[in-house]
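FYI, full-length UniProt numbering numbers position 310 of the sequence shown as 310, with every residue one higher than the one before it. I have placed the structure first, in the form of structure tokens, so that the comments after it can refer back to it.
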Amino acid sequence: MRLSTVILTILPFIQSGVSQASGSGVTTRYWDCCKPSCAWSGKATLAAGSNPVTTCDINDNPLSDYNVQSGCNGGSAYTCTDQSPWGVSDTLAYGFAATNIAGGSESSWCCACYQLTFTSGPVAGKTMIVQSTNTGGDLGSNQFDIMIPGGGFGIFNGCTAEFGTPSTGWGAQYGGISSRSQCDAFPASLQAGCYWRFDWFEDADNPSVSFQQVSCPAALIAKSGCLRADDSSSPAPFVSDNAATTTTTDDSIPAATTTTTEAAPVTTDTTTTIIDFSTTMTTTSDTTAASAITTSTTTNTAAAQTLTTTANVASSITGTSSAISVATSTAVIFAIATAIVNSVTAFFFFSGGH
Numbered sequence: 001m002r003l004s005t006v007i008l009t010i011l012p013f014i015q016s017g018v019s020q021a022s023g024s025g026v027t028t029r030y031w032d033c034c035k036p037s038c039a040w041s042g043k044a045t046l047a048a049g050s051n052p053v054t055t056c057d058i059n060d061n062p063l064s065d066y067n068v069q070s071g072c073n074g075g076s077a078y079t080c081t082d083q084s085p086w087g088v089s090d091t092l093a094y095g096f097a098a099t100n101i102a103g104g105s106e107s108s109w110c111c112a113c114y115q116l117t118f119t120s121g122p123v124a125g126k127t128m129i130v131q132s133t134n135t136g137g138d139l140g141s142n143q144f145d146i147m148i149p150g151g152g153f154g155i156f157n158g159c160t161a162e163f164g165t166p167s168t169g170w171g172a173q174y175g176g177i178s179s180r181s182q183c184d185a186f187p188a189s190l191q192a193g194c195y196w197r198f199d200w201f202e203d204a205d206n207p208s209v210s211f212q213q214v215s216c217p218a219a220l221i222a223k224s225g226c227l228r229a230d231d232s233s234s235p236a237p238f239v240s241d242n243a244a245t246t247t248t249t250d251d252s253i254p255a256a257t258t259t260t261t262e263a264a265p266v267t268t269d270t271t272t273t274i275i276d277f278s279t280t281m282t283t284t285s286d287t288t289a290a291s292a293i294t295t296s297t298t299t300n301t302a303a304a305q306t307l308t309t310t311a312n313v314a315s316s317i318t319g320t321s322s323a324i325s326v327a328t329s330t331a332v333i334f335a336i337a338t339a340i341v342n343s344v345t346a347f348f349f350f351s352g353g354h
């Protein structure tokens, strides 16, 4: 075995976790009631036992036939109303979106999940994890068209056929309604998602985002029914919060209720606490343990995503469930890589192999 072969063998492990889609993007909103594009068979390679995005009949009952035509084209398949967005905490929300990711296609983004960190407007600093269930022909590069009841029909309108809604009954074609009180007239199953826009989302108007592809929370998969075969290759979601005490309840991951208590209040607004959903952490008041999961001055979102990815790789190598600093993670990865290369080199030197 040649040394070059060894290097090529270990290289994927060093590079893993950084090849997922990420960057800066824009958001819009819509709700057209149509069958999402990723609900058709063959759009992406799915995990065993998974299925394309679940659709519902006119009475909001899930359909098992994935070849039923869309209600927007005279068929009987519509968007299920439980695919509306919802708040998980004051700073974290889940939902679904139509997407267009630069350099990708439906086969790469259908049923993939993306963590959006809003960078403008009243929701700046908040986080939303969306699963891509649709593709918009009118979407630009790195655009996330978030599904929000009352967010505007957009190009298509299946809501009139499904709910008998007037073609102009849910606000402007692009943008939708303009006040929370208008949600009161929506079907009961859509009201919570409509209110979400004015409550958790603070009526933000197409805020910009930084995004990172992540593994899908089980709560999203439970609603869409869709899981990609390569989902586990994406890094776990993370949440950033400047609060000294952060409590995040995520019902999508078993035992993922995480409470972190720092012994002293945060003294600067540039401190970012990074929480790895794949790790269950116990409450602690020990300042050493608290500092282990605190990285100062990580105000750059892209950097925070890179730090988290590195920490995830280091955690899998060391087998610990504690958060690991980025400097230590990088050292561990390259120390292991160097050790392997040196060992193989020594072996061939003494054995005379080629």
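We put the beta carbon where it would ideally sit given N, CA and C, even for glycine. Predicted model, so just to flag it, every value in this text is computed and none were measured.
Rounded separation between residue i and residue j - CA only
i      : j      : result
Ala44  : Ala229 : 9 Å
Gly319 : Asn100 : The pLDDT assigned to Gly319 is 39, lower than 50, so where the model puts this residue is not dependable, and the model offers no usable value.
Ala188 : Trp196 : 14 Å
Lys214 : Gln115 : For the sequence presented, residue 214 should be read as Val rather than Lys. Their backbone Cα atoms lie some 6 Å apart in a straight line.
Cys113 : Gln83  : 14 Å
Ser22  : Asp138 : 21 Å
Glu106 : Thr28  : 19 Å
Cys80  : Thr135 : 17 Å
Gly176 : Trp170 : 6 Å
Pro85  : Ala172 : 20 Å
Asn67  : Pro36  : 12 Å
Gly87  : Trp200 : 7 Å
Thr55  : Gly225 : 10 Å
Ser24  : Trp109 : 16 Å
Thr239 : Ile129 : Residue 239 is actually Val in this sequence, not Thr. C-alpha separation (whole angstroms): 10 Å.
Gln20  : Gly104 : 11 Å
Cys159 : Ala219 : 25 Å
Asn73  : Ser181 : 31 Å
Ile58  : Ala124 : 37 Å
Asn206 : Cys111 : 22 Å
Thr127 : Gly193 : 17 Å
Ala236 : Gly49  : 22 Å
Ser76  : Ser41  : 16 Å
Asp145 : Ala161 : 22 Å
Tyr174 : Phe198 : 17 Å
Glu202 : Thr117 : 15 Å
Counted within 10 angstroms of its Cβ, other Cβ atoms place residue i as buried (16 or more) or exposed
i      : result
Ser232 : exposed
Ser132 : buried
Thr288 : Bear in mind that a pLDDT of 33 at Thr288, under 50, signals an unreliable position, so the number given afterwards is only what the model happens to contain. Classification for Thr288: exposed.
Asp90  : exposed
Gln143 : buried
Gln212 : buried
Gly140 : exposed
Gly154 : buried
Asp65  : exposed
Ser179 : exposed
Pro166 : exposed
Ser234 : buried
Pro62  : exposed
Ser70  : buried
Thr168 : exposed
Thr273 : Reliability fails at Thr273, whose pLDDT of 35 lies under 50, so the model's placement of it is uncertain and the value that follows must be treated cautiously. Looking at its Cβ environment, which holds 16 or more other Cβ atoms inside 10 Å, Thr273 is buried.
Contact check, residue i vs residue j, beta carbons under 8 Å
i      : j      : result
Tyr94  : Pro217 : yes
Pro52  : Cys38  : yes
Leu227 : Ala47  : yes
Thr164 : Tyr30  : It should be noted that the sequence gives Gly, not Thr, for residue 164. Going by C-beta atoms, Gly164 is not nearer than 8 Å to Tyr30.
Asp32  : Phe156 : yes
Met147 : Ala97  : yes
Pro149 : Leu190 : yes
Pro122 : Ala204 : yes
Val209 : Thr119 : yes
Any chain D beta carbon closer than 8 Å to residue i
i     : result
Ala98 : The chain labelled as chain D is not found in the depicted structure, where only one protein chain is given.
Check: residue i C-beta below 7 Å from any heavy atom of the ligand PLP
i      : result
Ser132 : The ligand PLP is absent from the structure shown, which contains no ligands of any kind.
### Query
Can you list, in chain order, the stretches of the alpha helix (DSSP H) that have 4 or more residues and sit fully within the region 139-214?
159-163 and 188-198
### Start-end ranges of the beta strand (DSSP E) lying completely within the region 71-112, minimum 3 residues
92-100
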